[in-house]
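Structure first, then comments.
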Amino acid sequence: MFGFSLFCLIFLILKKRENSDLVILLDEPGTALHAMAQKDFLRFMDERLAPHCQVIYSTHSPFMVDLKQLSRVRTVQDMDGKGTVVSHDAVENDSETVFPLQMALGYQMAQTLFMAPHCLMVNEASD
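Heads up: the sequence shown at position 24 corresponds to 42 in the working numbering, and the numbers run straight through without jumps.
This is how it looks when you write it as structure tokens:
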């Protein structure tokens, strides 16, 4: 509960400083949250915080990846001899780096197949 209270306090401060050049940097904000709460938190950041400031967060959670805004995603790799490499092209990364994106895509596909608003499940293809 402390995390949510702190976040509400930050939001109230932001409401008073609407014309600021504030950047909020969050490291793994969904760590202690249930998967659905992570989605809610993602929506909260997008709807309530993003209009007032820039929000940057790191995550390994597939539930904190908004596939509707995939252009916002950046991958980060620690490469031997090069240091930290930030990329917007997930194809250029190793499988460990893109795993959360793959899981997010798999989750999205599962939601579409089984939980779509007009989905009819049948026993056989001919049914």
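No residue lacks a Cβ here, since even glycine has one placed at the ideal position from N, Cα and C. These numbers were taken from a predicted model, which means no experiment stands behind them.
message: Tell me the rounded alpha-carbon separation between glutamate 114 and histidine 106.
response: 16 Å
CA nearest to the CA of leucine 30, picked from His70, Met54, Leu43, Ala55: His70
- prompt: Less than 9 Å separating the beta-carbons of valine 94 and valine 104?
  reply: yes
task: Name the two residues that bound the continuous beta strand (DSSP E) containing glutamine 56.
output: Looking at the DSSP string, glutamine 56 is not in any beta strand (DSSP E); the run it does join, the alpha helix (DSSP H), is 53 to 62.
task: Tell whether a beta-carbon distance below 9 Å holds between phenylalanine 81 and alanine 143.
output: no
message: By the DSSP assignment, the beta strand (DSSP E) with serine 76 in it spans what residues?
response: 72 to 76
query: What residue does the beta strand (DSSP E) around glycine 48 start on, and which one ends it?
result: Taken as a continuous stretch (DSSP letters only), glycine 48 belongs to no beta strand (DSSP E), as it is neither H nor E.
query: To the nearest whole angstrom, what separates the beta carbons of proline 118 and serine 79, a pair I think is in contact under 8 Å?
result: 6 Å
- request: Could you give the DSSP three-state label for aspartate 101: helix, strand or coil?
  value: The amino acid at residue 101 is misidentified as aspartate; the sequence shows glycine. In the structure shown, glycine 101 sits in a strand (DSSP, three-state: E or B).
field: Separation of asparagine 141 from aspartate 75, as counted between CA atoms
entry: A small fix is needed here, since residue 75 is tyrosine in this sequence, not aspartate. Roughly 43 Å between the two C-alpha positions.
query: Using a C-beta cutoff of 9 Å, does arginine 92 count as contacting chain B?
result: Here chain B cannot be found, since the structure has a single protein chain.
message: Distance check for aspartate 64 and valine 41, CA to CA, integer angstroms please.
response: 14 Å
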